[in-house]
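One structure below.
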Amino acid sequence: MSRLALSAEPVAAPQSALSARAAVLLGMLGTAWSLLFRGFEGGRWSDIPIIKSFVNPELYTRDPFIYSLHSGTPAAYTYQFIAAIVGLLPGLPIEGTLFLLYLPVCVASLALLYLIGFELVGDRLSVVLFLALYVAGFRLLTVGSTILHSAELTPAFLALPLQLGALYALLRERHALTGALAGLALNVHAPTSSYVGAAIGLVYVLGIGRHGLRTVALAGTLMVLCGAPAMIGAVGRHADPLPGWALQLARIELATDLSLAVNWDRAASRLRNLFGLALLATAMLAVRGDRHRRTVLLLFGAVALLCVIAFIFIDLTLRGPISTLVARLQLPRSAWLVNVVGLIYVAHYLRCAWTTERLPRLTILVLVAAMLAAPSDFTPLEPIWLWTVALVAAAEALRKGGAIGLPRLRYGPTTLLAGLTIAGVVGLGAARLVTRRVWVLDFDHAVRAASMATALLAGWLLWRLLRGRLDGRAAVAAGLAVALVGSWAVRGSTDWLYELRHRGGLSAAAEFQAWARAATPVDSVFLILPSEPNNESFYKNADRALYLVRERANQAVYFTEHNYEFRDRVVALGVSDVLRYREELDPMYRRLTEERVRDLASRFGVTHFVPARAGDFSFPIVYQQGGWTVYAVSGQ
210 MSRLALSAEP
220 VAAPQSALSA
230 RAAVLLGMLG
240 TAWSLLFRGF
250 EGGRWSDIPI
260 IKSFVNPELY
270 TRDPFIYSLH
280 SGTPAAYTYQ
290 FIAAIVGLLP
300 GLPIEGTLFL
310 LYLPVCVASL
320 ALLYLIGFEL
330 VGDRLSVVLF
340 LALYVAGFRL
350 LTVGSTILHS
360 AELTPAFLAL
370 PLQLGALYAL
380 LRERHALTGA
390 LAGLALNVHA
400 PTSSYVGAAI
410 GLVYVLGIGR
420 HGLRTVALAG
430 TLMVLCGAPA
440 MIGAVGRHAD
450 PLPGWALQLA
460 RIELATDLSL
470 AVNWDRAASR
480 LRNLFGLALL
490 ATAMLAVRGD
500 RHRRTVLLLF
510 GAVALLCVIA
520 FIFIDLTLRG
530 PISTLVARLQ
540 LPRSAWLVNV
550 VGLIYVAHYL
560 RCAWTTERLP
570 RLTILVLVAA
580 MLAAPSDFTP
590 LEPIWLWTVA
600 LVAAAEALRK
610 GGAIGLPRLR
620 YGPTTLLAGL
630 TIAGVVGLGA
640 ARLVTRRVWV
650 LDFDHAVRAA
660 SMATALLAGW
670 LLWRLLRGRL
680 DGRAAVAAGL
690 AVALVGSWAV
700 RGSTDWLYEL
710 RHRGGLSAAA
720 EFQAWARAAT
730 PVDSVFLILP
740 SEPNNESFYK
750 NADRALYLVR
760 ERANQAVYFT
770 EHNYEFRDRV
780 VALGVSDVLR
790 YREELDPMYR
800 RLTEERVRDL
810 ASRFGVTHFV
820 PARAGDFSFP
830 IVYQQGGWTV
840 YAVSGQ
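Residues 210 to 845 (our numbering) are what the sequence shown spells out, left to right.
This is the structure:
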């Protein structure tokens, strides 16, 4: 049989009002899918206090990690904008205001992604599948921590429409608009927009022979001019180099955001990335005739170059100012572009393989289910996804192996491939009855993926059953309803089970936070175990400062003073060296003496102390309920 390649026929760019309406409609439906699938969580634990501090300047005045954003940094621009909107709507809780901002941003982002996907592959159903996988948070690569879609309103999420608009303008060859949007995005969220802008800039540089010097200069000039406020502010506020120990701390804490090597130093990460690359390569080799292949390859090449720069100046050597700049740009996070564009090609490949029966539809359904159920934390691994990717890659390799004498799979659904798919799902799911984990494979994740596959299979079978008895649209609606409800139940089961198991502790923590907000002065500082799982919700809900949380080490890369503040605070708790804080911080906290707590109150303004375990302290107890004991402390 002759070699078969899937075709993405070149299509005219969608310019009509109909296409715009379709994009907005898909954006709205995608937002509804997001709210169903992921919910809305307000804002990030680290963002909410900053916004509140701009709404009410009396809050968090003794928290240097928050109040440093009041010192003229461009990082504050977006927080000030959100705070102004919150101030204009005093009758709404802050979560309500964030939701009102989230909705149009989410619709715009998903609409632009629809336009980008349609521009690349020219098939609406492929783009719909891509949006479903995108909203679910599936990523091909572990490089960079950026989650493709967010259930929270963050500065990075607010910048997303501008970043996607720049990418779409690049594909449409609207070069002036590309530069302007990429520059404007810097003012909304510089960390994520910087590597997007750098990747787009490298596409122009690498393709200068095609675009011409004048075009490249125009796009670059507009990018610089439109991003000037953020660039000037960054030079004035964030140009100081980090000391060597702070760079080492950043490399330890930010891991995949800074380091390329960390994505390959563990078996689970290596395996996950190799299989992700295999799926991407399989899709792109099978899909032919797309009109933007050259631009996409240039974009992938730009991302690879940025990752190489990070590897040299973060993994191989740490050289003061250069490594500081590379660390603050967080170049490996540019892999976000590969995850987005690559996922479009994967979705198109699966859609075409379904239509042409290039692969068994059961195999495609299981692969999509595993992608929808993929855990946000990559380790340990979900084995059903690995199994189905291996089957798909092997099938394509055997099909194309006839030229070197390998046997080819018969075109269309094959009993062997479908049988192996069923055996894998049943076997890996049933393995949970024997053990939870083997090597880097987690069979709890396998059960979840198998449940998702069951939900999708039920919807598909219902459609097949009803399509000859009902109107076609009614049959599709019934099948989709079953699949969506099943997917929602599977996806939400993790959160429901967690809340069910920990409802007592969560309720006690909420009561403690409500007491802290209502019964303590606004300038109170709470000393709580840094790894306490409720610290993030305390920050969001109690409106009071914490002495320290572990995650502050992650954010210190942008503020040199944060590194020194973090070091001083962990050392004051008894940690021998800031680079050893991970293993020493909690044990030293549990050994706190009354004298050391008084010293912390004197030096850092601690007003309330929550011991990790019962102890003999002479401080007055001001709250004791639900496992929480709070002492009022002073430095005297």
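No residue lacks a Cβ here, since even glycine has one placed at the ideal position from N, Cα and C.
Exposure label - residue i; buried when at least 16 CB within 10 Å
{"i": "residue 449", "result": "exposed"}
{"i": "residue 218", "result": "Low confidence applies to residue 218: its pLDDT is 49, below 50, so where it sits in the model is not reliable, and the reading given next is rough at best. Residue 218 should be labelled exposed."}
{"i": "residue 620", "result": "With a pLDDT of only 47 at residue 620, under 50, the local geometry of the prediction cannot be trusted, and no value is derived from it."}
{"i": "residue 825", "result": "exposed"}
{"i": "residue 565", "result": "exposed"}
{"i": "residue 716", "result": "exposed"}
{"i": "residue 830", "result": "exposed"}
{"i": "residue 336", "result": "buried"}
{"i": "residue 778", "result": "buried"}
{"i": "residue 615", "result": "Confidence at residue 615 is low in this model, with a pLDDT of 43, below 50, so its placement is unreliable and the value that follows should be read with caution. Counting Cβ neighbours within 10 Å, residue 615 comes out exposed, since fewer than 16 surround it."}
{"i": "residue 728", "result": "exposed"}
{"i": "residue 242", "result": "buried"}
{"i": "residue 361", "result": "buried"}
{"i": "residue 505", "result": "buried"}
{"i": "residue 612", "result": "Because the pLDDT at residue 612 is just 44, under 50, the model does not fix this residue reliably, and the value given afterwards should be weighed accordingly. Exposed, by the Cβ-count rule."}
{"i": "residue 810", "result": "buried"}
{"i": "residue 862", "result": "Outside the shown range of the chain, which is 210 to 845, sits residue 862, and nothing can be said about it."}
{"i": "residue 309", "result": "exposed"}
{"i": "residue 267", "result": "exposed"}
{"i": "residue 847", "result": "Outside the shown range of the chain, which is 210 to 845, sits residue 847, and nothing can be said about it."}
{"i": "residue 742", "result": "exposed"}
Among the options, nearest to residue i - alpha-carbon criterion
{"i": "residue 562", "options": "542, 605, 342 and 549", "result": "605"}
{"i": "residue 472", "options": "552, 587 and 261", "result": "587"}
{"i": "residue 609", "options": "525, 567 and 720", "result": "567"}
{"i": "residue 722", "options": "740, 485, 372 and 749", "result": "749"}
{"i": "residue 842", "options": "505, 491, 813 and 368", "result": "813"}
{"i": "residue 463", "options": "528, 804 and 538", "result": "538"}
{"i": "residue 740", "options": "724, 757, 764 and 734", "result": "757"}
{"i": "residue 481", "options": "429, 390, 809 and 650", "result": "650"}
{"i": "residue 278", "options": "297, 379 and 258", "result": "258"}
{"i": "residue 263", "options": "246, 405, 253 and 287", "result": "287"}
{"i": "residue 533", "options": "820, 637, 299 and 452", "result": "452"}
{"i": "residue 256", "options": "248, 247, 269 and 244", "result": "269"}
{"i": "residue 800", "options": "811, 784, 789 and 791", "result": "784"}
{"i": "residue 802", "options": "828, 548, 235 and 441", "result": "828"}
{"i": "residue 302", "options": "395, 261, 591 and 754", "result": "261"}
{"i": "residue 599", "options": "581, 573, 589 and 624", "result": "573"}
{"i": "residue 589", "options": "458, 366 and 647", "result": "647"}
{"i": "residue 652", "options": "704, 680, 584 and 331", "result": "584"}
Residue i, enclosing beta strand (DSSP E) - first and last residue
{"i": "residue 840", "result": "837-841"}
{"i": "residue 631", "result": "Careful: residue 631 lies outside any beta strand (DSSP E), inside the alpha helix (DSSP H) at 624-639."}
{"i": "residue 405", "result": "Premise fails: residue 405 lies in the alpha helix (DSSP H), 399-415, not in any beta strand (DSSP E)."}
{"i": "residue 736", "result": "734-736"}
For residue i, the residue or residues it bridges with in DSSP
{"i": "residue 646", "result": "651"}
{"i": "residue 832", "result": "839"}
{"i": "residue 557", "result": "Its beta-bridge partners do not exist; DSSP assigns none."}
{"i": "residue 765", "result": "Beta-bridge pairing links residue 765 to no other residue."}
{"i": "residue 590", "result": "650"}
{"i": "residue 755", "result": "735"}
{"i": "residue 818", "result": "736 and 840"}
Start-to-end residues for the alpha helix (DSSP H) that takes in residue i
{"i": "residue 289", "result": "286-297"}
{"i": "residue 259", "result": "257-264"}
{"i": "residue 679", "result": "Careful: residue 679 lies outside any alpha helix (DSSP H) and carries neither H nor E."}
{"i": "residue 813", "result": "803-813"}
{"i": "residue 728", "result": "712-728"}
{"i": "residue 377", "result": "364-380"}
{"i": "residue 795", "result": "790-799"}
{"i": "residue 281", "result": "Segment: none, residue 281 is in no alpha helix (DSSP H) and carries neither H nor E."}
{"i": "residue 784", "result": "Note, residue 784: premise wrong, no alpha helix (DSSP H); not H, not E."}
{"i": "residue 510", "result": "502-519"}
{"i": "residue 744", "result": "744-750"}
{"i": "residue 575", "result": "570-581"}
{"i": "residue 537", "result": "529-538"}
{"i": "residue 343", "result": "333-345"}
{"i": "residue 523", "result": "Note, residue 523: premise wrong, no alpha helix (DSSP H); not H, not E."}
Residue i: CB within 8 Å of a non-hydrogen atom of the ligand SAH
{"i": "residue 292", "result": "The model on display carries no ligand, and the ligand SAH is accordingly not part of it."}
Chain B contact for residue i (CB, 9 Å cutoff)
{"i": "residue 521", "result": "Structure shown: chain B not included; a single protein chain is present."}
Task: Those runs of the alpha helix (DSSP H) which lie wholly inside the stretch 430-486 and span at least 4 residues - done: Listed in chain order, the alpha helix (DSSP H) runs fully inside the stretch 430-486 are 437-447 and 453-463, counting runs of at least 4 residues.
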